[in-house]
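*Asks:* Pasting a structure here, questions to come.
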Amino acid sequence: MNTPHVVTWFEIPAADLARAVRFYETVFAVTLNQEPCPSGMTMAVFPAEGEAVKGCLIQHESCKPSADGTTVYLNGGDDLSAPLARAEQAGATIVLPKTLITPEIGYFAQLIDSEGNRIGLYSMH
7 MNTPHVVTWF EIPAADLARA VRFYETVFAV TLNQEPCPSG MTMAVFPAEG
57 EAVKGCLIQH ESCKPSADGT TVYLNGGDDL SAPLARAEQA GATIVLPKTL
107 ITPEIGYFAQ LIDSEGNRIG LYSMH
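Take the sequence shown: its position 84, counting from 1, is numbered 90 in the numbering used here, and each next residue is one higher.
This is the structure we're talking about:
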């Protein structure tokens with residue numbers, strides 16, 4: 007394996023894609039790009055450039071939101087306080103507040119998104 011990242015793509019399931027797009031655009035202050043997808047799926051892709059890990063929100067009958075599966079950690083920017091505050095305003099439940107791992111590693115938090123998924127956030131501050 008000769009890639010710069012272990013994770014190369016992620017998909018966050020959505021029961022209601024429009025609601026999930028509003029939630030994530032609010033939390034991260036970005037615009038997601040809705041793109042066609044094979045097999046009747048609909049998806050909205052997070053902005054990413056170059057070698058950044060890329061991913062999307064996806065709606066399809068075979069993709070069910072869950073708080074019990076794998077947890078994806080998204081970049082919380084310079085300080086987790088800002089996206090956590092926006093997440094709460096957008097209706098998220100914070101299940102693990104901003105928590106120090108170590109000063110060298112940074113901070114993490116977890117929330118339940120608009121669709122019922124457990125999502126992690128990470129930042130150095």
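Don't be surprised by glycine CBs; every beta carbon is placed ideally from N, CA and C.
In the DSSP output, what is I107 paired with across the bridge?
*Replies:* The count along the sequence shown starts at 1 and reaches residue 107 at position 101. According to DSSP, I107 bridges with nothing at all.
*Asks:* For V51, which beta-bridge partners are listed by DSSP?
*Replies:* Translated into positions along the sequence shown, residue 51 becomes position 45. Answer is N39 and C62.
*Asks:* With burial defined as no fewer than 16 other Cβ atoms inside 10 Å of the residue's Cβ, what is the status of A115: buried or exposed?
*Replies:* Numbered from its first residue, the sequence shown carries residue 115 at position 109. So A115 counts as buried.
*Asks:* Identify whether G112 lies in helix, strand or coil by the three-state DSSP scheme.
*Replies:* To locate residue 112, count along the sequence shown from 1; it is residue 106. It is a strand residue.
*Asks:* With respect to the alpha helix (DSSP H) encompassing E94, which residues constitute its N-terminal and C-terminal limits?
*Replies:* Locating residue 94 in the sequence shown gives position 88, counting from the first residue. Segment S87 to Q95, the alpha helix (DSSP H) holding E94.
*Asks:* How is the alpha helix (DSSP H) around V33 delimited, first residue to last?
*Replies:* The residue you call residue 33 lines up with position 27 of the sequence shown. Looking at the DSSP string, the run of the alpha helix (DSSP H) that includes V33 is L23 to F34.
*Asks:* For the beta strand (DSSP E) that contains Q81, what are its first and last residues?
*Replies:* For this step, residue 81 is matched to residue 75 along the sequence shown. Note that residue 81 corresponds to Asn in the displayed sequence, not to Gln. Residues V78 to N81.
*Asks:* Give me the residue from E55, E41 and G83 with the minimum Cα distance to Q65.
*Replies:* Taking the sequence shown and counting its residues from 1, the one referred to as residue 65 is at position 59. Looking at the Cα atoms, E41 is the closest of the given residues.
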